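Q: Taken in order, these protein sequences are the chains called X and S.
Just so we're aligned: 177 in the numbering used here is position 177 of the first sequence, and the numbers increase by one with no gaps anywhere.
Just so we're aligned: 723 in the numbering used here is position 436 of the second sequence, and the numbers increase by one with no gaps anywhere.
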Amino acid sequence: MPKFIYIIFGLMTCFWSAFAQEWKAPEEEKENVSIRLFDNEIETEGGVLFMNSCKSCHGSPTQEDFSLMLPSPGDLASAKVQNQTDGELFYKIRAGKGAMPKFGDALDQNEIWSLIAYVRSFNESYKQPEPNLEGVVIPNITLNLSFDDNVDKLVVKTLDENGNPMPDVTVKAFVKGHFGNYLLGKSRCNELGIAYFDIDSKMPGDEEGNMDIIVKASKGFGSAKVTQKMRVVDAVSFKSAIEGRHLWSVSKRAPYWLIVTFLSSLIGIWGTIIYVIVGLPKIKKQS
Amino acid sequence: MMDSAEKSFKKVERDLLASVNWGVKSKVWMGFLLLLLVVCLFYYVKQLRNGLGVTGLNDIVSWGVYISNFVFFVAASLIGMLISSVLGLIGFKWITPILRIAEIIAVSFAMVAGLIIITDMGRPERLLNVFIFGRIQSPIIWDIVVVMTYVVISLLLLYVPLIPDIALCKDKKKGVPAFQRWIYKVLSLGFTYKPNQFKLVEKYIRILAVLIIPVALAIHTVTSWLFAMTLRAGWDTSIFGPYFVSGAFVAGCAAVIIAMYFFRKSYNLQDYITDSHFNKMGKLLVMVALIYVYFNINELLVAAYKLKSGEAEHLQSILWGHGSPMFWLVQIGGLVIPFVLLIIPKMRKPLPSLIISIVILVAAWYKRYVIVIPVQEHPFLPVQNVPDYYSHYTPTLPEIAITIAPFILVLIIMTVLSKVFPVVSVWEAKESSVEEQNR
Numbered sequence: 001m002p003k004f005i006y007i008i009f010g011l012m013t014c015f016w017s018a019f020a021q022e023w024k025a026p027e028e029e030k031e032n033v034s035i036r037l038f039d040n041e042i043e044t045e046g047g048v049l050f051m052n053s054c055k056s057c058h059g060s061p062t063q064e065d066f067s068l069m070l071p072s073p074g075d076l077a078s079a080k081v082q083n084q085t086d087g088e089l090f091y092k093i094r095a096g097k098g099a100m101p102k103f104g105d106a107l108d109q110n111e112i113w114s115l116i117a118y119v120r121s122f123n124e125s126y127k128q129p130e131p132n133l134e135g136v137v138i139p140n141i142t143l144n145l146s147f148d149d150n151v152d153k154l155v156v157k158t159l160d161e162n163g164n165p166m167p168d169v170t171v172k173a174f175v176k177g178h179f180g181n182y183l184l185g186k187s188r189c190n191e192l193g194i195a196y197f198d199i200d201s202k203m204p205g206d207e208e209g210n211m212d213i214i215v216k217a218s219k220g221f222g223s224a225k226v227t228q229k230m231r232v233v234d235a236v237s238f239k240s241a242i243e244g245r246h247l248w249s250v251s252k253r254a255p256y257w258l259i260v261t262f263l264s265s266l267i268g269i270w271g272t273i274i275y276v277i278v279g280l281p282k283i284k285k286q287s
Numbered sequence: 288m289m290d291s292a293e294k295s296f297k298k299v300e301r302d303l304l305a306s307v308n309w310g311v312k313s314k315v316w317m318g319f320l321l322l323l324l325v326v327c328l329f330y331y332v333k334q335l336r337n338g339l340g341v342t343g344l345n346d347i348v349s350w351g352v353y354i355s356n357f358v359f360f361v362a363a364s365l366i367g368m369l370i371s372s373v374l375g376l377i378g379f380k381w382i383t384p385i386l387r388i389a390e391i392i393a394v395s396f397a398m399v400a401g402l403i404i405i406t407d408m409g410r411p412e413r414l415l416n417v418f419i420f421g422r423i424q425s426p427i428i429w430d431i432v433v434v435m436t437y438v439v440i441s442l443l444l445l446y447v448p449l450i451p452d453i454a455l456c457k458d459k460k461k462g463v464p465a466f467q468r469w470i471y472k473v474l475s476l477g478f479t480y481k482p483n484q485f486k487l488v489e490k491y492i493r494i495l496a497v498l499i500i501p502v503a504l505a506i507h508t509v510t511s512w513l514f515a516m517t518l519r520a521g522w523d524t525s526i527f528g529p530y531f532v533s534g535a536f537v538a539g540c541a542a543v544i545i546a547m548y549f550f551r552k553s554y555n556l557q558d559y560i561t562d563s564h565f566n567k568m569g570k571l572l573v574m575v576a577l578i579y580v581y582f583n584i585n586e587l588l589v590a591a592y593k594l595k596s597g598e599a600e601h602l603q604s605i606l607w608g609h610g611s612p613m614f615w616l617v618q619i620g621g622l623v624i625p626f627v628l629l630i631i632p633k634m635r636k637p638l639p640s641l642i643i644s645i646v647i648l649v650a651a652w653y654k655r656y657v658i659v660i661p662v663q664e665h666p667f668l669p670v671q672n673v674p675d676y677y678s679h680y681t682p683t684l685p686e687i688a689i690t691i692a693p694f695i696l697v698l699i700i701m702t703v704l705s706k707v708f709p710v711v712s713v714w715e716a717k718e719s720s721v722e723e724q725n726r
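Right under this line is the structure:
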């Protein structure tokens, strides 16, 4: 039995040391840069993604609270990470290796760049490289939202600057909530530049059935975002939890049945008691 | 015929009024009780000064022996209703000599039960807030109202049948202190043994006897609702009302048998409280114990068959976990074995039935402990950041002293009542002696 454990341990050491070798990005991807400016909005977006996808292993940047694994995930604010180019980081997030998942499947380009923007926000000496946009066409996407109440679907039309439909745009739709956005779906426009999203009419909107719909679209280096208040769900009438007469309300709002039962028992029983007490002195009169 | 009736009347009066005096023995006994009470009060002052921190109560077990003691006292007081109302209205004549004993027990236990609740308050001066800010949706308000109502009706049900006897004491007991004579004068309401007066007294007794039945059922049902209206596993059952009421009759019957024994012995009432009374009370105790055993099985088996997550943990702990020795001792040793023994006629003689009743009464106290405390040791939501010892509750010395105090108070009230008034109804005893001679 111990022998067996030694063998396993030995194998594991070889295995991990193989992975512990330098992890290099291909040369052609090293110099890739984000065409979006790393501003507050993109950093916040990246921060939310980081919480969901990265923090469990890497911990909070600068806090050195990453998981104990081999090879070590490391703190992302460390020099080892920050000394790499944006392109290298992008490649490593996209492609993954060993215990590091391949996030290219789960996240789109913009999301990966937003993660990098978040990680870079911990590096004060970082300066975002200017993108070389020579020969690159950045699509100008316009979004047009409407609601089809026959089938309860959000219809997103993507148009180019001339007002023609733009196909093959990746579109994501959300509902704005109090504590973050609720993802309605992720879709790709058809050849007519249209994407559909199901809407559950039972979702809680306001008194008129309005919801804040957020749609984000991206194609190549182009992206667009629209927030629009739309009437898409059933109207909700809001009631206070203590409105009306309940067992859990204040005393003034006790249920009528309880008040009637309580008071009638009280009056009935105490009425009889008082009848007896008032009647007792009659004994003297009888003498 | 008249002569012999006159004679037996005189004997009845002499026998039953003999105990209405303050002899040396009773003074020593009262002194002893008062001394014990002062010791307990010392601990209560300590609790008043330092708050409930002097008890074993904590974040997890916040209802301890005070509450289980309260439940026990309410339970014991219920017997007044069963004997004086239910059996009386049905027309059983044999209960006449023990009616007043049952009522004295009811009054003293019910009065003290209200006080026990106050000892469970860290800030008793805030009691008034319950009435100012109380919500009628809360079972606690129902409980306070119904306890007070029950005390008043029980007092009346003790007092109204006493009126003819108080008048008798006023006439015959000239040697008692002036204050006591003044009490007799005020309380006798000018009763002069006129037939119309007897009629009035009997009418009011009947009204009160009927009235006390729903109120007595309510007092213990509402007490059970203090538990059953919550979602805690182990309390959240619909049988709790009748379960408590039937358990109350077991405790009450045992208390009456114990009181009967000591009153009979110390007041020489062998001619009035006879072996036949012990025999019949023993049979009554067997009947109520059978009902209670049935409810116990129902209460436990329905939950134990399904073992819902919360219930499972609680049942595991009381059936075979760390609370199980007390549970089985109470159920088997304090309920099943005693009532099986009582089925044997020889065991219904005064002395054996006294011993069995003491065992039952002590077990009945622990039974309330088993109902109230172990449930809280398994909260639905984990309580965080508390010391380990919080999950087990042990009463502290001040808490035990403050729990004993109500028993002393009950003994004091019973002693005073039985020393100031005849403990067996004189006029009713005369009535039954007339009936016997006419037969």
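Don't be surprised by glycine CBs; every beta carbon is placed ideally from N, CA and C.
Owing to the predicted nature of the structure, the values given are computational and were not obtained by experimental measurement.
Which residues share a DSSP beta bridge with X/R231?
A: Answer is X/N210.
Q: Would S/P448 pass as an interface residue toward chain X - the criterion being a Cβ-Cβ separation below 9 Å?
A: Not closer than 9 Å to any Cβ of chain X, the Cβ of S/P448 fails to qualify, so no.
Q: Under three-state DSSP, which class holds X/R94?
A: Of the three classes helix, strand and coil, the one that applies to X/R94 here is helix, per DSSP.
Q: Specify the secondary structure class of S/I691 as computed by DSSP and reduced to three states.
A: Here S/I691 sits in helix by DSSP.
Q: What residue does the alpha helix (DSSP H) around S/R410 start on, and which one ends it?
A: Careful: S/R410 lies outside any alpha helix (DSSP H) and carries neither H nor E.
Q: How about X/Y196 and X/L154: are their beta carbons less than 9 Å apart?
A: Cβ distance < 9 Å, so X/Y196 and X/L154 count as in contact.
Q: Exposed or buried, what is S/F379 when buried is set at 16 or more other beta-carbons lying within 10 Å of its beta-carbon?
A: Exposed, by the Cβ-count rule.
Q: With respect to the beta strand (DSSP E) encompassing X/I194, which residues constitute its N-terminal and C-terminal limits?
A: Looking at the DSSP string, the run of the beta strand (DSSP E) that includes X/I194 is I194 to D198.
Q: With a cut-off of 8 Å on the beta carbons, I'd call S/I699 and S/Y680 a contact; round off their distance for me.
A: Not quite, the Cβ-Cβ distance comes to about 29 Å (not below 8 Å), so this is no contact.
Q: Could you name the residues of chain S that X/V250 contacts, counting a contact when the two beta carbons are closer than 8 Å?
A: Neighbours of X/V250 on chain S, chain order: R422.
Q: With 16 other CB atoms within 10 Å as the buried threshold, where does X/K172 fall?
A: It counts as buried.
Q: Under 9 Å between the Cβ atoms of S/G521 and S/H601?
A: In this structure, S/H601 lies closer than 9 Å to S/G521 by Cβ.
Q: Any beta-carbon of chain X closer than 9 Å to the one on S/F418?
A: Taking Cβ atoms only, chain X never reaches closer than 9 Å to S/F418, which makes this a no.
Q: Alpha carbons only, please: which of X/E28, X/W113, X/S34 and X/Q109 is nearest the one belonging to X/V169?
A: Residue X/Q109 is the option with its Cα nearest to X/V169.
Q: Taking 9 Å as the threshold (C-beta atoms), are S/C456 and S/F708 in contact?
A: Cβ atoms of S/F708 and S/C456: closer than 9 Å.
Q: Use the C-beta contact count for X/I214: other C-beta atoms within 10 angstroms, 16 or more gives buried, fewer gives exposed.
A: The residue is buried, with at least 16 neighbouring Cβ atoms inside 10 Å.
Q: If you reduce the DSSP assignment to three classes, tell me which class X/M100 lands in.
A: Of the three classes helix, strand and coil, the one that applies to X/M100 here is strand, per DSSP.
Q: Looking at the secondary structure, which residues open and close the alpha helix (DSSP H) in which X/T142 lies?
A: Note, X/T142: premise wrong, no alpha helix (DSSP H); beta strand (DSSP E) at T142 to D148.
Q: Could you tell me which residues DSSP pairs with X/Y118 in its beta bridges?
A: In DSSP, X/Y118 forms no bridge with anything.
Q: Along the chain, where does the beta strand (DSSP E) that runs through X/N181 open and close?
A: Start and end: G180 to R188.
Q: Quick one: grab the DSSP three-state call for S/M477.
A: In the sequence as presented, Met is not what sits at residue 477 of chain S; that position holds Gly. If DSSP states are grouped into helix, strand and coil, S/G477 belongs with coil.
Q: Can you tell me the Cα-Cα spacing of X/I277 and S/I440, whole angstroms?
A: Between X/I277 and S/I440, the C-alpha separation is close to 10 Å.
Q: Under 8 Å Cβ-Cβ, which residues of chain X neighbour S/L498?
A: Residues of chain X passing the Cβ test: I269, T272 and I273.
Q: Using 8 Å for Cβ pairs, my map puts S/Y480 next to S/P451. What's the rounded Cβ distance?
A: Contact flag correct, Cβ pair sits at about 7 Å.
Q: Classify S/I404: buried if its beta carbon has 16 or more other beta carbons within 10 angstroms, exposed otherwise.
A: Buried: at least 16 other Cβ atoms inside 10 Å.
Q: Based on the DSSP secondary-structure assignment, which residues constitute the bridge partners of X/P129?
A: BP columns for X/P129 are empty, so no partner.
Q: So that I know if they touch, is there some Cβ in chain X lying closer than 9 Å to that of S/K481?
A: Chain X contact via Cβ: present.
Q: Please decide whether S/T436 counts as near chain X, where near means a Cβ-Cβ distance under 9 Å.
A: Yes, because at least one Cβ of chain X sits closer than 9 Å to the Cβ of S/T436.
Q: Tell me whether the beta-carbon of S/I492 lies closer than 9 Å to the beta-carbon of S/S475.
A: Going by C-beta atoms, S/I492 is not nearer than 9 Å to S/S475.
Q: Among all the DSSP beta bridges, which residues are the ones paired with S/G338?
A: None, per the DSSP bridge assignment.
Q: Going by C-alpha to C-alpha distance, which of X/W248, X/K157 and X/Q286 sits closest to X/T142?
A: Cα-wise, what sits closest to X/T142 is X/K157.
Q: Would you say S/V361 reaches chain X, if we count a Cβ-Cβ gap shorter than 9 Å as a contact?
A: It does not; no Cβ of chain X falls within 9 Å.
Q: Relative to the C-alpha of X/A217, which candidate in X/S251, X/I7, X/S287 and X/L145 has its C-alpha closest?
A: Selected option, being the one with the closest Cα: X/L145.
Q: I need the boundaries of the alpha helix (DSSP H) containing X/V155, first residue and last residue.
A: Looking at the DSSP string, X/V155 is not in any alpha helix (DSSP H); the run it does join, the beta strand (DSSP E), is K153 to L159.
Q: With a threshold of 9 Å between beta carbons, is S/W714 in contact with chain X?
A: False, the Cβ-Cβ gap to chain X never drops below 9 Å.
Q: Measure the beta-carbon distance from X/L184 to X/I199 and round it to whole angstroms, keeping in mind my assumption that it falls under 8 Å.
A: Right, their Cβ atoms sit about 7 Å apart.
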